[in-house]
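Here the sequence shown stands for residues 7 to 286, numbered as in the working numbering.
We put the CB at the ideal spot given by N, CA and C, even for glycine.
So the structure is just underneath, and the comments pick up after that.
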Amino acid sequence: MPTKMRLQRHGKKGKPFYHIVIADGRAPRDGRYIEKIGTYNPIPNPAEIVLNFEKALDWLQKGAQPTDTVRAILSFKGVLYKNHLIKGVKKGALTEAEVEVKFQAWLKEKEAKIEAKRSGLAEEARADKKVRLEAEAKIKDDRAAELTKRRAEAIEAQVKEAKEAAEEATEETAEEVTEEETLTKEAVAAKVEEFAEEEVKDEAKAEETKEEPKAEEAAEEAKEETKEEPKAEETAEEAKEETKEEPKAEETKEETKEEEAKEEADKKKADDKKKDKEEK
Numbered sequence: 007m008p009t010k011m012r013l014q015r016h017g018k019k020g021k022p023f024y025h026i027v028i029a030d031g032r033a034p035r036d037g038r039y040i041e042k043i044g045t046y047n048p049i050p051n052p053a054e055i056v057l058n059f060e061k062a063l064d065w066l067q068k069g070a071q072p073t074d075t076v077r078a079i080l081s082f083k084g085v086l087y088k089n090h091l092i093k094g095v096k097k098g099a100l101t102e103a104e105v106e107v108k109f110q111a112w113l114k115e116k117e118a119k120i121e122a123k124r125s126g127l128a129e130e131a132r133a134d135k136k137v138r139l140e141a142e143a144k145i146k147d148d149r150a151a152e153l154t155k156r157r158a159e160a161i162e163a164q165v166k167e168a169k170e171a172a173e174e175a176t177e178e179t180a181e182e183v184t185e186e187e188t189l190t191k192e193a194v195a196a197k198v199e200e201f202a203e204e205e206v207k208d209e210a211k212a213e214e215t216k217e218e219p220k221a222e223e224a225a226e227e228a229k230e231e232t233k234e235e236p237k238a239e240e241t242a243e244e245a246k247e248e249t250k251e252e253p254k255a256e257e258t259k260e261e262t263k264e265e266e267a268k269e270e271a272d273k274k275k276a277d278d279k280k281k282d283k284e285e286k
């Protein structure tokens with residue numbers, strides 16, 4: 007019965023995990039197997055391999071045929087090299103001690119290579135992480151600079167709007183002040199005119215009041231003169247002739263009455279003229 011050393015798939019979709027088994031060559035891939043000799047996880051780098059070295063070497067010496075992937079795993083772990091050295095012992099080319107020395111040297115060299123690869127991968131991961139962090143920091147700095155720029159622009163816009171509003175307010179206040187000044191000037195001018203008109207009226211009234219007593223005094227003086235004149239004439243006529251003086255005294259009285267009537271008419275005319283001037 008031919009046997010095969012092959013992989014049996016396990017794990018979830020997208021995350022494969024394999025068992026290394028010894029199975030009948032005629033059995034299906036995921037069917038029954040004879041023995042499990044290890045596991046293989048290809049996801050990490052380097053891949054994780056757990057292998058029972060002695061059993062794998064024993065089955066290989068018995069004639070089990072490995073698949074390509076299992077052959078690569080056996081080569082990686084040194085199973086094929088050890089089998090090659092044992093064949094040299096059987097042929098008498100090597101001794102068991104020499105086989106052991108050569109295998110240990112090969113194993114150390116292999117482990118050194120694996121460790122170098124792991125360290126190189128770790129350094130690459132660190133460098134990649136550093137690059138990504140620098141890129142993220144740059145992106146953050148760019149975003150912060152953009153935000154500060156936008157905030158500065160917004161602040162400038164607010165300051166500009168505030169200045170414009172202040173200028174408009176000052177212009178409005180200046181216009182209001184000018185309007186108030188013009189209104190106050192007009193009001194003062196109107197009051198001055200009213201005051202001047204009142205003064206003119208008061209002066210006119212005072213002049214009227216002054217002229218009225220003067221006119222009354224003049225009329226009284228005229229009356230006294232008219233009274234004195236007939237008395238003087240009467241006394242002179244009485245001294246000459248009593249009979250002749252009586253008709254002359256009557257004539258003088260009539261003349262004085264006519265003069266008084268004329269004065270009163272002139273006075274009324276003057277008063278009417280003054281009233282017309284005041285009304286105008």
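Spatial neighbours of VAL56 in its own chain (CB-CB distance under 6 angstroms, excluding positions within 5 residues in sequence) are listed in chain order as GLY44, THR45.
The criterion of a C-beta distance shorter than 8 angstroms is not satisfied by ASP30 and ARG15.
If only complete runs of 3 or more residues are kept, the segment 45-89 shows the beta strand (DSSP E) at 54-57, in order along the chain. By the Cβ rule, the segment 96-103 does not count as touching the segment 117-126, because fewer than three pairs are nearer than 8 angstroms. The beta carbon of PRO8 sits closer than 6 angstroms to those of GLY31, all from its chain and outside the five residues before and after it, given in chain order.
Remark: C-beta atoms of ARG12 and VAL107 do not approach each other more closely than 8 angstroms. If the five residues before and after THR154 are omitted, its C-beta is found closer than 8 angstroms to no C-beta atom of its own chain. The three-state reading of DSSP puts LEU13 in strand, counting E and B together.
Fewer than three pairs of CB atoms, one per stretch, sit closer than 8 angstroms, so the segment 132-142 makes no contact with the segment 49-67. Assigned with DSSP and collapsed to three states, ILE40 falls in coil, not helix or strand.
GLY84 is a Cβ neighbour of LYS116, given a cutoff of 8 angstroms.
Here ALA99 carries a coil assignment [DSSP, helix/strand/coil]. In its own chain, leaving out the 5 sequence neighbours on each side, no residue places its CB closer than 7 angstroms to the CB of GLU162. The beta carbon of GLN67 is closer than 7 angstroms to those of ASN89 in its chain, skipping five residues each way along the sequence. Per DSSP, PRO22 is one residue of the beta strand (DSSP E) stretching across 21-30.
Ranked by Cα distance from TRP112, the options ALA180, SER81, ASN58 are led by SER81.
Counting only the Cα atoms, THR184 lies some 15 angstroms from GLU174. Of the residues assessed, VAL27 falls on the buried side of the cut-off, its CB having 16 or more other CB atoms within 10 angstroms. Between the alpha carbons of GLU182 and GLU200 lies a distance of about 26 angstroms.
For the pair PHE23 and ASN58, the CB atoms are not nearer than the 8 angstroms cut-off. Around the beta carbon of LYS268, a 10 Å sphere encloses fewer than 16 other beta carbons of the protein chains shown; the residue is thus reported as exposed.
When ASP278, VAL165, ALA128, GLU152 are compared, the shortest CA-CA separation from PRO50 is found for ALA128. Taking 8 angstroms as the cut-off, the Cβ atoms of LEU86 and PHE109 do not count as close. Sequence-distant Cβ neighbours of LYS42 in its own chain, meaning closer than 6 angstroms and more than five residues away, are HIS25, VAL27.
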